[in-house]
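Trainee: The sequence shown begins at -6 in the working numbering and counts up one residue at a time.
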Amino acid sequence: MIGKPHSRPLEARLLVRPYALVYLYTRRLRVHLVQELLAGLGVAVAVALVFAAIVANGSVAGSAEQIVHAVIGPADLQLHARDSSGMDERLLARVRAMPGVRQAAPLLEQTATLRTAGGRRATVDLAGTDLSFALLNGLAHTLPVAAFSPGGIGISRMSAGELGVGALSGTSIELQLRGKVHTLKVAAVLGPEAAGPLAEARIAVLPLERLQQLAGLPGGLTRILIRTQPGQQARVRAELGKLAGGHLTVARADAEISLLREALRPSDQASGFFAAISALLGFLFAFNAMLLTVPERRQAIADLRLIGTKRAAIIQIVAFQALCLGLFASLLGLAGGYALSRGVFHQSSSYLAEAFTLGSSTVVGLRPLLLALLGGMLATFLASAVPMLDLRRDRALDAVYAADGAPGNTLSARLALRLGLAAAALLVATTILFELQPSLALLASGMLALATVLAIPLVFAAVLRFARAVAERHQRLTVLQVALTSLKATTLRSLALAATGAVAIFGGIALGGSRDDLLRGIDGFAHSYSADAALWVTNPQDNQATVTFEADGYPARIAHVGGVLAVQRFQGGFLELGNRRIWVIARPSGANRNVLASQIVEGSAGRAVGLLGGSGWITISQQIAAERHVRPGGALTLPTPSGDVRFRVAATTTNLAWSPGVIFIGAGDYRRLWHTQAPTALGVTLAPNTSVPAMRNAVAHALGAGSGLEVSTAAAREARIERLTTEGLSRLGEISTLLVIAAILTMAAALGSSVWQRRRALAGLRLSGVRVPRLRRILMLEAALMLGTGCVSGAIAGIYGQVVIDAYLKHITGFPVANLGASGRPLEIMTLVIAAVLAIVAVPGWSAARVSPTLALNE
-6 MIGKPHSRPL EARLLVRPYA LVYLYTRRLR VHLVQELLAG LGVAVAVALV
44 FAAIVANGSV AGSAEQIVHA VIGPADLQLH ARDSSGMDER LLARVRAMPG
94 VRQAAPLLEQ TATLRTAGGR RATVDLAGTD LSFALLNGLA HTLPVAAFSP
144 GGIGISRMSA GELGVGALSG TSIELQLRGK VHTLKVAAVL GPEAAGPLAE
194 ARIAVLPLER LQQLAGLPGG LTRILIRTQP GQQARVRAEL GKLAGGHLTV
244 ARADAEISLL REALRPSDQA SGFFAAISAL LGFLFAFNAM LLTVPERRQA
294 IADLRLIGTK RAAIIQIVAF QALCLGLFAS LLGLAGGYAL SRGVFHQSSS
344 YLAEAFTLGS STVVGLRPLL LALLGGMLAT FLASAVPMLD LRRDRALDAV
394 YAADGAPGNT LSARLALRLG LAAAALLVAT TILFELQPSL ALLASGMLAL
444 ATVLAIPLVF AAVLRFARAV AERHQRLTVL QVALTSLKAT TLRSLALAAT
494 GAVAIFGGIA LGGSRDDLLR GIDGFAHSYS ADAALWVTNP QDNQATVTFE
544 ADGYPARIAH VGGVLAVQRF QGGFLELGNR RIWVIARPSG ANRNVLASQI
594 VEGSAGRAVG LLGGSGWITI SQQIAAERHV RPGGALTLPT PSGDVRFRVA
644 ATTTNLAWSP GVIFIGAGDY RRLWHTQAPT ALGVTLAPNT SVPAMRNAVA
694 HALGAGSGLE VSTAAAREAR IERLTTEGLS RLGEISTLLV IAAILTMAAA
744 LGSSVWQRRR ALAGLRLSGV RVPRLRRILM LEAALMLGTG CVSGAIAGIY
794 GQVVIDAYLK HITGFPVANL GASGRPLEIM TLVIAAVLAI VAVPGWSAAR
844 VSPTLALNE
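1) Taking the alpha-carbon positions, what's the His(-1) to Ala13 distance?
2) Among Ala776, Thr673 and Ala365, which residue has its Cα nearest to the Cα of Ile578?
3) Identify, in the order they occur along the chain, each residue of the same chain with its Cβ nearer than 6 Å to the Cβ of Val844, setting aside the five sequence neighbours on each side.
4) Which residues in the same chain have their Cβ closer than 8 Å to the Cβ of Arg767, if we skip the five residues on either side of it in sequence?
5) Please report the residue range of the beta strand (DSSP E) in which Val198 lies.
6) In whole angstroms, give me the CA-to-CA distance for Leu183 and Arg75.
7) Go through its chain and collect everything with a Cβ distance to Val796's Cβ below 7 Å, but skip five positions before and after it.
8) Taking Glu347 as the reference, which of Leu760, Ile714, Val785 and Tyr793 has the closest Cα?
9) Report the start-end ranges of each alpha helix (DSSP H) in the stretch 675 to 723 that is 4 residues or longer and not cut off at the edges.
10) Quick one: using the 10 Å Cβ neighbour count with 16 as the cut-off for buried, is Ser165 buried or exposed?
11) Any chance you could list the alpha helix (DSSP H) runs of at least 4 consecutive residues sitting entirely within the stretch 52 to 103, in chain order?
12) Look at His73 and Thr215 and say whether their C-beta atoms are less than 8 Å apart.
13) Between which two residues does the alpha helix (DSSP H) harbouring Thr373 extend?
14) Can you give the Cα-Cα distance for Ala491 and Leu780, rounded to whole angstroms?
15) Considering only C-alpha positions, which residue in the set Ala526, Gly234 and Asp535 is nearest to Gln561?
16) Who are the near neighbours of Ala644 in its chain, counting only those whose CB is closer than 6 Å to its CB and skipping five residues on each side?
17) Alpha carbon to alpha carbon, what distance is there between Glu202 and Ser521?
18) Would Val357 and Tyr331 qualify as a contact pair, given that the criterion is a beta-carbon distance under 8 Å?
19) Could you give the C-beta distance for Asp545 and Gly172, rounded to a whole number, given that I count them as a contact under 8 Å?
20) What's the gap between the Cα of Glu289 and the Cα of Ala295?
21) For the beta strand (DSSP E) that Phe563 lies in, which residues bound it at each end?
22) By how many angstroms is the C-alpha of Val15 removed from the C-alpha of Leu345?
23) Going by DSSP, what residue range makes up the alpha helix (DSSP H) through Phe349?
24) Going by other Cβ atoms of all chains shown within 10 Å of its Cβ, with 16 needed for buried, is Asn532 buried or exposed?
25) Below 6 Å CB to CB, which residues in the same chain sit around Phe141 once its five sequence neighbours on both sides are set aside?
26) Would you mind stating whether Thr678 and Ala559 have Cβ atoms separated by less than 8 Å?
27) Suppose you measure from the CA of Arg21 to the CA of Val311; what does that come to, to the nearest Å?
28) With distances taken from CA atoms, which of Ala110, Phe44, Arg23 and Thr242 is nearest Gln71?
29) Less than 8 Å between the beta carbons of Gly919 and Gly659, yes or no?
30) Rounded to a whole number of angstroms, what is the C-alpha to C-alpha distance between Ala455 and Val765?
31) Which residues in the same chain have their Cβ closer than 6 Å to the Cβ of Thr630, if we skip the five residues on either side of it in sequence?
32) Using a Cβ-Cβ cutoff of less than 6 Å, which residues in the same chain neighbour Ala57 once the five nearest sequence positions on both sides are dropped?
33) Counting beta carbon pairs with one atom in the stretch 495 to 511 and one in the stretch 457 to 471, are three or more of them shorter than 8 Å?
34) Going straight from the alpha carbon of Leu371 to that of Glu428, what length do you get?
35) By how many angstroms is the C-alpha of Thr782 removed from the C-alpha of Ala399?
36) What does DSSP give as the partner residues of Ile858 in its beta bridges?
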């Protein structure tokens, strides 16, 4: 009987069988488990940062899109008013009678505040409608009938959670609406089973007639949703245009999504930009972490080549190990990224809540999953490919053992010089790119981060050369001499650790510094915006003063309070211009002096204030001017409630932290074109030397509890605006902070692992007579030299990166960004990273320094 042929030995195979690949990798894990875990940690951190940032960026728009589709159902067109006063309800019958209209449903939308007896409040989008709306979007089968009961109000589960109202109905709450307070009972709490995605939005529902009565808008609607018959949309749209007569807007039913995406675009650009830089830095972490395994992998490859293993088999072994490591680490990173997106990176969108109905759910799509997963795999494969350079035909089989220093750890001076020249070329290219096109700041910063890494070998060599000169001049510094010898023997590992420190400092300074500049700019706007009155009377939490209320004699009551010099009416709202929902501000003559003086981009603040006191002039945000190709002195047509009106542009401004843009208009023009005298805020000027807190209490008492209005000092309003915008930009700070934390942990783990793996070399030093305390000083000095090289390089590049990012935020997003000033942040971050890493590494260093000298005698 012929026996089963034996498997050919590894060196004779062109390809390796799967079980052999598994065996070889499990054997490697048993020997180098700590290094593999460290490399996997770097990949996982990178994947987590990318995935969390992408998911968090998309969740605001994604959840809002779900809400919009839940509201409109199959509707494809809408007719909506251009102000909160709405349109005549009788238009609904005319729309329903149009040929080609299958269904039409009314909506009256108002911003209101709900308040419980315990003082908890929630600002909600209050909708009034009837049964035809529920029939249109399919909610008629799920919405409870109680939600439309005459004496009650239905609130979403999210609103109920903020108010502390349980699922059982019957709780009494206050409805603060347009300067009046009404007491209602909660008729229903709308969960996902009843309202679908609407359950996760801040909304409340009333019967249409009831809301018209409470809002003082009898027969008023703000929107009519229309479902057309197949093939009839164009015809119906044309008829709606005739019906609108230039005073109403005809749009797609889901136009809200486009408006929201435009509103989120600058913020998403900024957040996406920060996230992309973090991703780049994160993948550099992964790459550098993988470099720590290169020496051992190069030795393993050399050993395989020496026994005759074919190149194809070696490539298969390395690729399989990279696949296993990359897949495991990437999946771990996806889990961590999802947790980050729901927690730390879950950005507050409250700053957009006055203009849009927003959700709070986290939306995870297939694209972010694939991007993050493939990115992690790619980083692992690229880093794993470095040892395979030894497979070149011009390389000796044992080249890794022939180099100076520890096998697999050397880097030639010639290669270091080439990398340094490449870094210099990238720096020049970055400067040219930044100067010519600030919109390409993402590419420029990526090039700068890469240049920082490429410069590390040359900078590290210079540091070692300088330290060697110091050691030769001062022969008593034997600790330094021993440390330099050790660093020279482990060049590649040292460079990987220094590069990790460099990218961490670069990211922390560039990202965190730019965020600080952005917040300082917003703080300046908040101060100047609030400084035009000592006290402000608005609807609760209405920071932008866009929600109208009936004056009802309030100005006269306030004027009679002792210590009040003047009471002025401020007005404002939102206007849709293309895909932008623009913030319109109408202030009395001269009452916009402070804010314009600090926010003008092009033009004269004094001239703009004077022109706005007349008629026919506006100021617009710089990005609106660029989009519409208009400059100061030019003309721009606005779609007002009175029709399209042509204005002259007095100046351009920043966007006042409202990303779609801002328009200042004269108070007289606003009253005439918006057909309203109703204010959105009252500004109170006080007599000199009066107590602002006492006057605030006196004004609130004059208004009475039934007004439902809020009295704030200028300082309180400024602080509220700052807090809201800071929440909206919180992710930027969190990314830079997490980046530094991840770098500290990654470097500490890598350095600790490196120290532990050098126990045999340390045992040799102990065998030669080096005492334990001296050995610890040597280890700390080595770590300090490595970290110092990387951190100083990263700090210098980070300051330049901050300049690049500031220009991007200012010119592309239109936000008010403060000028880069002297800051101790680079030094603080550098000191923090070095101190934290050294403190953590001191633990394994303390233990490794006590290694038994006999370990050096073991093979």
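Beta carbons: idealized from backbone N, C-alpha and C, even for Gly.
Source: prediction; values computed, not measured.
Mentor: The short version:
1) Any reading at His(-1) must be qualified, since the residue scores a pLDDT of 49, below 50, and its modelled position is unreliable; no value is offered.
2) Of Ala776, Thr673 and Ala365, the residue nearest in Cα terms is Thr673.
3) The beta carbon of Val844 is closer than 6 Å to those of Arg752, Leu755 and Ala756 in its chain, skipping five residues each way along the sequence.
4) Excluding sequence neighbours, Arg767 sits near Val472.
5) Boundaries of the beta strand (DSSP E) harbouring Val198: Ile196 to Pro200, taken from the DSSP string.
6) As the crow flies, the alpha-carbon of Leu183 is around 29 Å from that of Arg75.
7) Counting only Cβ-Cβ distances below 7 Å, and skipping sequence neighbours, we find Leu813.
8) Distance check between Glu347 and each of Leu760, Ile714, Val785 and Tyr793 places Ile714 closest, using alpha-carbon atoms only.
9) Taking 4 residues as the shortest admissible run, the stretch 675 to 723 contains the following complete alpha helix (DSSP H) segments, listed from N- to C-terminal end: 685 to 696 and 707 to 721.
10) Ser165 sits exposed, since fewer than 16 C-beta atoms from the chains shown fall within 10 Å of its C-beta.
11) Every alpha helix (DSSP H) of 4 residues or more that sits fully in the stretch 52 to 103 is shown, in chain order, as 84 to 89.
12) Yes, the Cβ-Cβ distance between His73 and Thr215 is below 8 Å.
13) Membership of Thr373 in the alpha helix (DSSP H) is indicated by the continuous run Leu359 to Ser377.
14) Cα-Cα distance, rounded: 5 Å.
15) The shortest C-alpha separation from Gln561 is found at Ala526.
16) Only Ile593, Gly596, Ala601, Thr612 and Pro625 meet the Cβ criterion.
17) Here the alpha carbons of Glu202 and Ser521 stand approximately 41 Å from one another.
18) In contact: Val357 and Tyr331 (Cβ atoms closer than 8 Å).
19) The pair is a contact, with the Cβ atoms about 6 Å apart (cut-off 8 Å).
20) Using only the alpha carbons, I get a separation of about 10 Å.
21) Judged by DSSP secondary structure, Phe563 falls within the beta strand (DSSP E) whose first and last residues are Val557 to Leu570.
22) So the two alpha carbons sit approximately 53 Å from each other.
23) Looking at the DSSP string, Phe349 is not in any alpha helix (DSSP H), and its letter there is neither H nor E.
24) Asn532 is buried by the Cβ-count criterion.
25) Pro200.
26) Closer than 8 Å, so yes.
27) Val311 has its alpha-carbon roughly 11 Å from the corresponding atom of Arg21.
28) Nearest to Gln71 by C-alpha distance, out of Ala110, Phe44, Arg23 and Thr242, is Thr242.
29) In the structure as shown, the chain starts at -6 and stops at 852, and residue 919 therefore has no counterpart that could be examined.
30) Computed Cα separation, rounded: 30 Å.
31) Setting aside the 5 residues that flank it on each side, Thr630 is surrounded in the same chain by Asp637 and Arg639, each with a C-beta closer than 6 Å to its C-beta; the list follows chain order.
32) Answer for Ala57: Leu253, Leu351 and Gly352, listed in chain order.
33) Segments in contact, no.
34) Roughly 32 Å separates the two Cα atoms.
35) Reliability fails at Ala399, whose pLDDT of 49 lies under 50, so the model's placement of it is uncertain and the value that follows must be treated cautiously. Spanning the two alpha carbons is a distance of roughly 21 Å.
36) Within the shown structure, residues of the chain are numbered from -6 to 852, placing residue 858 beyond reach of any answer.
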